[in-house]
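Down below is the structure, laid out as structure tokens.
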Amino acid sequence: MGLFTADRAKYRTLAGAWVTPEPLRCVQCGVCSFNCPMGIDVRRHVWRVEPVVDSACLTCSECVRRCPRGLLRFESITDAQGQPDQARPEPARAPQAPARSSGRGG
Amino acid sequence: MAAAETIRDADQAAEICVVGEDPNGYYSRPGLAYYLTRELPRDHLFPFSTADLRRLDLTWIGEAATAVDPAAHRVTLQNGRQLAYDRLLLATGSRAIGTRVPGAELDGVVTLDGMDDARRMVRRSRKGKVAVVVGGGITALEIVEGLRTRGAHVHYFMRKDRYWSNVLSESESRIVELALQREGVEIHTFTDLAAIRGRGGRVAAVETARGNVIPCDIVAVAVGVRPRVELARAAGLPCDRGVLVDQYLRAGDPDIYAAGDIAEAVGRTGHRTLQVLWNPALLKGRVAGLNMATEPVHAYEQDEPLNVTRLAGLHTTIIGLVGSGSDADLEGLSRGDSEVWSKLCNQAIVESQRGDAHVRLTLGEHTLAGAVVMGDQTLSFPLQDLIEGHADVTGAVGALEAPEAPIVDIVNGLWADWKAGRIGTAPAARPETAR
Numbered sequence: 028m029g030l031f032t033a034d035r036a037k038y039r040t041l042a043g044a045w046v047t048p049e050p051l052r053c054v055q056c057g058v059c060s061f062n063c064p065m066g067i068d069v070r071r072h073v074w075r076v077e078p079v080v081d082s083a084c085l086t087c088s089e090c091v092r093r094c095p096r097g098l099l100r101f102e103s104i105t106d107a108q109g110q111p112d113q114a115r116p117e118p119a120r121a122p123q124a125p126a127r128s129s130g131r132g133g
Numbered sequence: 004m005a006a007a008e009t010i011r012d013a014d015q016a017a018e019i020c021v022v023g024e025d026p027n028g029y030y031s032r033p034g035l036a037y038y039l040t041r042e043l044p045r046d047h048l049f050p051f052s053t054a055d056l057r058r059l060d061l062t063w064i065g066e067a068a069t070a071v072d073p074a075a076h077r078v079t080l081q082n083g084r085q086l087a088y089d090r091l092l093l094a095t096g097s098r099a100i101g102t103r104v105p106g107a108e109l110d111g112v113v114t115l116d117g118m119d120d121a122r123r124m125v126r127r128s129r130k131g132k133v134a135v136v137v138g139g140g141i142t143a144l145e146i147v148e149g150l151r152t153r154g155a156h157v158h159y160f161m162r163k164d165r166y167w168s169n170v171l172s173e174s175e176s177r178i179v180e181l182a183l184q185r186e187g188v189e190i191h192t193f194t195d196l197a198a199i200r201g202r203g204g205r206v207a208a209v210e211t212a213r214g215n216v217i218p219c220d221i222v223a224v225a226v227g228v229r230p231r232v233e234l235a236r237a238a239g240l241p242c243d244r245g246v247l248v249d250q251y252l253r254a255g256d257p258d259i260y261a262a263g264d265i266a267e268a269v270g271r272t273g274h275r276t277l278q279v280l281w282n283p284a285l286l287k288g289r290v291a292g293l294n295m296a297t298e299p300v301h302a303y304e305q306d307e308p309l310n311v312t313r314l315a316g317l318h319t320t321i322i323g324l325v326g327s328g329s330d331a332d333l334e335g336l337s338r339g340d341s342e343v344w345s346k347l348c349n350q351a352i353v354e355s356q357r358g359d360a361h362v363r364l365t366l367g368e369h370t371l372a373g374a375v376v377m378g379d380q381t382l383s384f385p386l387q388d389l390i391e392g393h394a395d396v397t398g399a400v401g402a403l404e405a406p407e408a409p410i411v412d413i414v415n416g417l418w419a420d421w422k423a424g425r426i427g428t429a430p431a432a433r434p435e436t437a438r
């Protein structure tokens, strides 16, 4: 029924999404981890430049909404795995040491 | 810590010793702003647990280092003890410039360097308390937000009449100032702090240059920071505003490196600039660490400086070249700031507000040289990609400069082209900055 279409679409999106960071913006403040109802250390995921692929994640969006720098977003799992969609052309990279000649992050 | 982690990754056997005078250890310094606003309890600011630290197998020495002897490869600590090193990393950070007005030494005059300062502020800011904040840039507003959230009535002094004038546009400054006023912050323009009056050794009031007296309980000063180069300078290492490092972050000595705020590295324009930014500091730490653990062959490459912050509750992303000149309220670089941001010289600027987003772009000849996105941050991600990637936007410059240009749509179009490979990197990056 039309009444629940929007909700269904939203939950379908969330069920198929990971919390994905933009690590160059992160300052390790910890607001994300602090607000996770499941106790996931979101901050550590960002430090390691990993999406939150954790079976405990409810996609409740607390971390996404609370990040003071807005650097977390939901990215659909299929997108993250292959089709560049809203994603950038290359995975977000933390400032890793060297040897990369790409324009970002050094 | 980034260096220590990198060294440990590269070398399981190396002995790593961290000498730090902050009794609180390693924490997210930028996160102090969120502790001030009560978004985060203090003990959540520490990214490394004791288990993490144990795994890193570090020796942590909670002392100040007082001298470095490069020839003897020795560091002297405050307690007189000496440490021998093979490789040394100096990452002593910045120190807030204090006020020199009469009364500066009174109890209740504070700066925000570290956690102890933040706790001091929190202890003095309750409902009924009055705070005076003097300064500019990001830190001044972090303090304003923190004290206000905790119930204090806040006066914000500006020497002229525009907030952060060397980085923000007039419209952006105005947006921030209006937001502050809506929050109940009392802004005083053309106001200079002349003296601080005390009672019983504690702050009781401030006096302005025009002779106005405002009773208050706390005076917060955020007029910028200076890199802490005393150790390096005394050791005979080459210093200017910061420590002059080569592309491998060596500080004029084959076994001494510098990273973080104190490292004055050569940027992509060929000029040395200072940045007081967290992520570039981490990157420098990682590069220096790798070079220390292996060989100095990994060059540090500076990106277009980016920061995303919150000014009077408004999310703001600042990238690349955006402003010029200096700001009357800042004597040194603000924390969260980069000298590159205010190196504009004759580039074209386009600015537009659409819905919740205020967007301003600096147009280089072939690239977007800078951007400020205030409010809704959606466009800040495409802009980050386009600017960091030095996308060739020559084709869109005309459209962007047209009156009433739909900037948001044009940028989204450019981003789609960039991701699809329809536009590439701009021809050999000519330095877009001023000399």
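Chains as they are written, first to last, in the numbering used here: chain A, 28 to 133; chain B, 4 to 438.
Each residue gets a CB set at the ideal place from its N, CA and C atoms; glycine is no exception.
Bounding residues of the alpha helix (DSSP H) (the contiguous stretch that carries Val72 (chain A)): Note on residue identity: the sequence assigns His, not Val, to residue 72 (chain A). Residues 69-74.
Status (buried if at least 16 other CB within 10 Å, exposed otherwise) for Gln110 (chain A): Since pLDDT at Gln110 (chain A) reaches only 45, below the 50 mark, its modelled position is unreliable, and no value is offered.
Listed by chain order, chain A residues near Gly416 (chain B) by CB distance under 8 Å: Result: empty, since nearest Cβ-Cβ is about 15 Å, beyond 8 Å.
Cutoff 7 Å: Phe61 (chain A) Cβ touching any chain B Cβ: yes
Alpha-carbon spacing of Ala225 (chain B) relative to Ala99 (chain B), whole angstroms: 7 Å
C-alpha gap between Gly263 (chain B) and Pro299 (chain B), whole angstroms: Taking the straight line joining both Cα atoms gives about 17 Å.
Which listed residue (B:Val157, B:Glu186, B:Leu196, B:Thr152) has its alpha carbon closest to that of Lys163 (chain B): B:Leu196
Within 7 Å, strictly: CB atoms of Val79 (chain A) and Val46 (chain A): yes
Min CB distance Pro48 (chain A) to chain B below 7 Å: For Pro48 (chain A), the answer is no, since every Cβ of chain B falls outside 7 Å of its Cβ.
Distance, Thr102 (chain B) Cα to Leu324 (chain B) Cα: 29 Å
Beta carbon of Val279 (chain B) nearer than 7 Å to that of Arg338 (chain B): Yes; because the gap between Cβ atoms is below 7 Å, this pair is in contact.
Status (buried if at least 16 other CB within 10 Å, exposed otherwise) for Lys287 (chain B): buried
Cut-off 7 Å between Cβ atoms - residues of its own chain near Leu382 (chain B), not counting five sequence neighbours on either side: Ala360, Val362, Val376, Val411, Val414
CB-CB length for Glu8 (chain B) against Leu59 (chain B), believed under 8 Å: 7 Å
Pairwise C-alpha distance: Thr365 (chain B) and Met408 (chain B): It is Ala, not Met, that sits at residue 408 (chain B) in the sequence shown. Their backbone Cα atoms lie some 14 Å apart in a straight line.
DSSP-derived helix/strand/coil call for Leu240 (chain B): coil
Min CB distance Arg75 (chain A) to chain B below 7 Å: no
Inter-residue Cα distance where the pair is Ala315 (chain B) and Leu183 (chain B): If I take the Cα positions, the gap works out to 6 Å.
Where Gly339 (chain B) falls: helix, strand or coil (DSSP): In the structure shown, Gly339 (chain B) falls within a coil segment according to DSSP collapsed to helix, strand and coil.
Leu293 (chain B) versus Gly201 (chain B) - alpha carbon distance: 51 Å
Glu354 (chain B) versus Phe193 (chain B): straight-line alpha-carbon distance, rounded: Glu354 (chain B) and Phe193 (chain B) have their C-alpha atoms roughly 27 Å apart.
Partner residues on chain B for Pro134 (chain A), Cβ-Cβ distance less than 7 Å: Outside the displayed range of chain A (28 to 133) lies residue 134 (chain A), so it cannot be described from this structure.
Where Arg425 (chain B) falls, given that 16 or more other Cβ within 10 Å makes a residue buried: exposed
Bridge-paired residues (DSSP) for Gln356 (chain B): For Gln356 (chain B), the beta-bridge partners assigned by DSSP are B:His361.
Contacts around Asp89 (chain B), its chain only, beta-carbon distance under 8 Å, and the 5 residues preceding and following it disregarded: His76, Asp258
For Ser129 (chain A), the three-state DSSP class (helix, strand or coil): Bear in mind that the predicted position of Ser129 (chain A) carries a pLDDT of just 36, short of 50, making it unreliable; the figure below should be weighed with that in mind. If DSSP states are grouped into helix, strand and coil, Ser129 (chain A) belongs with coil.
Chain-ordered chain B contacts of Cys90 (chain A) [CB-CB under 7 Å]: By Cβ distance, chain B contributes nothing, its closest Cβ being about 12 Å from Cys90 (chain A), past 7 Å.
C-beta neighbour in chain A for His191 (chain B), strict 7 Å: no
Reduced DSSP secondary structure (H/G/I, E/B, other) of Glu175 (chain B): helix
Host beta strand (DSSP E) of Leu196 (chain B) (start-end): 196-202 is the extent of the beta strand (DSSP E) around Leu196 (chain B).
For Trp421 (chain B): DSSP bridge partner residues: BP columns for Trp421 (chain B) are empty, so no partner.
Cβ of Leu51 (chain A) within 7 Å of any chain B Cβ: yes
Sequence-distant residues of the same chain with beta carbon closer than 6 Å to His72 (chain A), five excluded per side: Val79
For Leu41 (chain A) and Asp112 (chain A), the rounded distance between their alpha carbons: The predicted position of Asp112 (chain A) is uncertain, since its pLDDT is 43 and thus under 50; no value can be drawn from it.
Residue-level contact to chain A via CB, Pro50 (chain B), 7 Å cutoff: yes
Option in B:Thr397, B:Leu150, B:Ala198 with minimal Cα separation from Asn215 (chain B): B:Ala198
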